[in-house]
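Order-wise, the sequence lines are chains A and B. Per our numbering, numbering through the first sequence is continuous, rising by one, with the last residue being 188. Per our numbering, numbering through the second sequence is continuous, rising by one, with the last residue being 298. Notes follow once the structure below has been shown.
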Amino acid sequence: MVWENALKRILIHLGLLIAAFIIQNSVFPLIPFLSATPNLLLILTFSFGFMEGQRSGMVYGLLAGILLDLFYSGPFGFYTLFYIYVGYVNGICTKYYYEDYITLPLILSILNELAYNMYIYVFRFLIRGRLDLLYYFRELMIPEIIFTAVTTLLIYRLLLFINRWLKEIESRRDTTIV
Amino acid sequence: MDSKYNRYLLMGLTLFCVVLIGITSVSDGWLAPLRTGVGYLLIPIQSGVNRAGAAIYEELSDFSRLKTALEENDRLKEEVDALVEENNRLLAEQYELRRLRELYQLDQEYMQYEKTAARVIANDSGDWFQVFRVDKGSADGVEVGCNVMAGGGLVGIVTDVGAHYATVRSIIDDSSRVSAMAVQSGDTCIVAGDLTLYEEGRLRITNIQKDADFKDGDRVVTSNISSKFLPGILIGYASDITLDSNQLTSSGYLIPAAEFGSLQEVLIITGVKETGDAGE
Chain A
11 MVWENALKRI LIHLGLLIAA FIIQNSVFPL IPFLSATPNL LLILTFSFGF
61 MEGQRSGMVY GLLAGILLDL FYSGPFGFYT LFYIYVGYVN GICTKYYYED
111 YITLPLILSI LNELAYNMYI YVFRFLIRGR LDLLYYFREL MIPEIIFTAV
161 TTLLIYRLLL FINRWLKEIE SRRDTTIV
Chain B
19 MDSKYNRYLL MGLTLFCVVL IGITSVSDGW LAPLRTGVGY LLIPIQSGVN
69 RAGAAIYEEL SDFSRLKTAL EENDRLKEEV DALVEENNRL LAEQYELRRL
119 RELYQLDQEY MQYEKTAARV IANDSGDWFQ VFRVDKGSAD GVEVGCNVMA
169 GGGLVGIVTD VGAHYATVRS IIDDSSRVSA MAVQSGDTCI VAGDLTLYEE
219 GRLRITNIQK DADFKDGDRV VTSNISSKFL PGILIGYASD ITLDSNQLTS
269 SGYLIPAAEF GSLQEVLIIT GVKETGDAGE
């Protein structure tokens with residue numbers, strides 16, 4: 011029974027990740043007025059890291075990163091490395107976590123997004139001598155940060171709900187066993 | 019105790035990633051089966067979602083398009099007339115060309131490439147890279163290094179291929195370099211993608227020899243000496259060519275022939291340029 015539960019939870023989380031990935035890559039580009047794409051995988055990773063702690067965050071980051079790395083050519087592990095750290099670092103903030111508290115997740119979303127973009131800039135652009143950080147900041151980072159923050163506002167509650175629901179399933183099963 | 023365990027886990031995973039990055043920077047061929055495997059699962063979902071989304075979007079925009087369609091129809095009729103005339107002239111020239119070619123025994127034919135149509139099913143997340151994925155793969159004869167076209171112009175090159183998908187790096191990507199030449203003069207240059215020019219819809223042209231015959235509005239095509247791109251594919255039109263400060267080379271901008279904003283269908287040339295060495 012416990013195994014069955016764990017498997018169910020893993021499958022639901024995996025389904026969430028894949029859904030986020032596909033929406034991000036295949037649906038958002040079809041929407042013409044969306045000038046930047048919100049980073050759903052990042053939102054998922056930091057949200058669950060924040061809600062569930064470092065270890066869950068790391069596992070989530072690992073899966074999200076592997077998904078991205080598998081999909082795009084380039085050195086494998088580039089995204090995975092970053093997403094693992096997102097999960098871990100946001101997991102530290104889990105002690106300040108309580109439900110219905112949206113300010114901290116919002117701040118975290120902005121910081122994470124900034125870190126993510128800087129990571130790409132430094133390792134993929136600065137390394138090739140592209141020094142115009144201000145341009146990239148203005149044209150790429152700011153729009154993406156804003157879109158991601160707005161999306162966080164919209165879906166954070168949904169993620170909270172899913173998390174609570176998953177926990178409920180588990181506790182219900184636990185009591186029936188006892 | 020728990021946080022200590024987490025820290026070890028983090029260190030382990032970091033090491034794992036760094037080693038992987040190191041190995042795959044050198045060669046990532048061994049990952050292909052894994053990527054193809056994941057592709058089997060994800061590609062059907064992606065192309066399904068994409069097709070449904072595109073259908074809905076097209077339905078919505080059909081009405082607004084109908085209004086402009088009539089207007090466009092008139093304009094196109096005029097254009098057809100002009101083109102028919104031009105075509106007649108070109109045909110005549112074509113015969114002449116063939117005759118002259120036979121005379122010179124020149125067997126190099128341009129633009130006679132086998133192509134396969136593919137649909138764009140996913141874009142890269144974020145705006146940092148201009149990389150996209152199409153729904154044709156090695157099963158359809160696509161291989162790494164295949165050139166990709168749309169709207170009569172070069173779009174990009176296949177960088178990664180699975181059984182039923184291929185990843186394409188477009189020429190507007192910041193790391194893209196294409197060896198090109200002006201049609202009229204045959205003078206070579208490099209067409210480079212640049213993220214800072216992406217918004218304006220332009221690319222950069224560099225490495226034009228100082229005394230080369232390169233004017234604004236010249237047609238720029240892939241060059242004969244490129245090791246990755248087949249020769250004679252239209253890339254775009256040169257603009258704002260100026261002499262560099264080193265007084266040795268000129269550079270400028272290129273307006274691409276392909277429309278990158280609304281890329282949905284592309285043509286993949288199933289044939290890779292065979293050359294001895296790698297590099298530009």
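C-beta atoms are modelled at their ideal positions from N, C-alpha and C, and glycine is treated no differently. Model, not experiment: these values are computed from the prediction.
Whose C-beta lies closer than 6 Å to the C-beta of D20(B) among residues of the same chain, with five residues either side of it excluded?
-> none
Contact check, T267(B) vs Q227(B) under 8 Å by CB: the rounded distance?
-> 7 Å
Determine the direct distance from the alpha carbon of T54(B) to that of R117(B), and round the result to whole angstroms.
-> 48 Å
Buried/exposed call for R25(B), threshold 16 Cβ in 10 Å | exposed
Counting pairs of beta carbons, one from the stretch 240 to 247 of chain B and one from the stretch 279 to 286 of chain B, are three or more of them closer than 8 Å?
-> no
Alpha carbon to alpha carbon, how far is L60(B) from W48(B)?
-> 20 Å
Below 8 Å, can you find three or more Cβ-Cβ pairs linking the stretch 166 to 173 of chain A to the stretch 50 to 59 of chain A?
-> yes
Tell me whether F150(B) sits in a helix, a strand or coil according to DSSP, three-state version.
-> strand
Note down, one range per segment and in chain order, each beta strand (DSSP E) of at least 3 residues found wholly within the stretch 223 to 260 of chain B.
-> 237 to 240
With 9 Å as the limit, tell me which residues of the stretch 111 to 139 of chain A have their beta carbon closer than that to any beta carbon of chain B; keep them in chain order.
-> Y126, N127, I130, Y131, R134, F135 and R138
By the 10 Å Cβ neighbour count, where 16 or more other Cβ atoms means buried, how is W13(A) classified, buried or exposed?
-> exposed
Own chain, CB closer than 8 Å to A46(A), minus 5 neighbours either side, in chain order | L150, P153, E154, I156 and F157
For D79(A) and L121(A), the rounded distance between their alpha carbons = 22 Å
The stretch 58 to 76 of chain A touching the stretch 88 to 100 of chain A, judged by at least three CB pairs closer than 8 Å | yes
Name the chain B residues that come within less than 8 Å of L272(A), Cβ to Cβ?
-> Residue numbering for chain A in the displayed model covers 11 to 188; residue 272(A) lies beyond these limits and cannot be assessed.
Taking 8 Å as the CB-CB limit, is A140(B) close to chain A?
-> yes
In chain A, which residues lie with their C-beta within 8 Å of the C-beta of L27(B)?
-> R65 and M68
Could you work out which residues of chain A lie near Q64(B), taking near to mean beta carbons separated by less than 8 Å?
-> I32, N35 and S36
Could you tell me whether the Cβ of I39(B) comes closer than 8 Å to any Cβ of chain A?
-> yes
Helix, strand or coil for S269(B) per DSSP?
-> strand
Please decide whether I94(A) counts as near chain B, where near means a Cβ-Cβ distance under 8 Å.
-> yes
Under 7 Å by beta carbon: chain B residues contacting T47(A) = S143 and G144
L84(B) versus L115(B) - alpha carbon distance | 42 Å
State the CB to CB distance for the pair V166(B) and V176(B), rounded to an integer number of angstroms; the pair is presumed to be in contact (CB under 8 Å).
-> 7 Å
To the nearest angstrom, report how far apart K154(B) and E111(B) are at their CA atoms.
-> 37 Å
Give me the Cβ distance between L213(B) and L221(B), rounded to the nearest whole Å; I'm assuming they're in contact under 8 Å.
-> In fact, because the Cβ distance is near 11 Å, the residues do not count as touching under 8 Å.
Using a C-beta cutoff of 8 Å, does L163(A) count as contacting chain B?
-> no
Quick one: Cα of L91(A) to Cα of R237(B), how far?
-> 44 Å
When you compare only the Cα positions, how much space is there between A157(B) and F232(B)?
-> 41 Å
Separation of E120(B) from Y128(B), as counted between CA atoms = Since pLDDT at Y128(B) reaches only 48, below the 50 mark, its modelled position is unreliable, and no value is offered.
Residue ranges of each alpha helix (DSSP H) within the stretch 50 to 124 of chain B, 4 or longer | 50 to 122
Limits of the unbroken alpha helix (DSSP H) element including C35(B) | D20 to V44
Answer yes or no: do V186(B) and I32(A) have a C-beta to C-beta separation smaller than 8 Å?
-> no
Would E114(B) count as contacting chain A if we go by Cβ distances under 8 Å?
-> no
Do you know whose CA, among D99(B), L281(B), V173(B) and L31(B), lies nearest P39(A)'s CA?
-> L281(B)
Applying a beta-carbon distance threshold of less than 7 Å, which residues of chain A neighbour R53(B)?
-> L80
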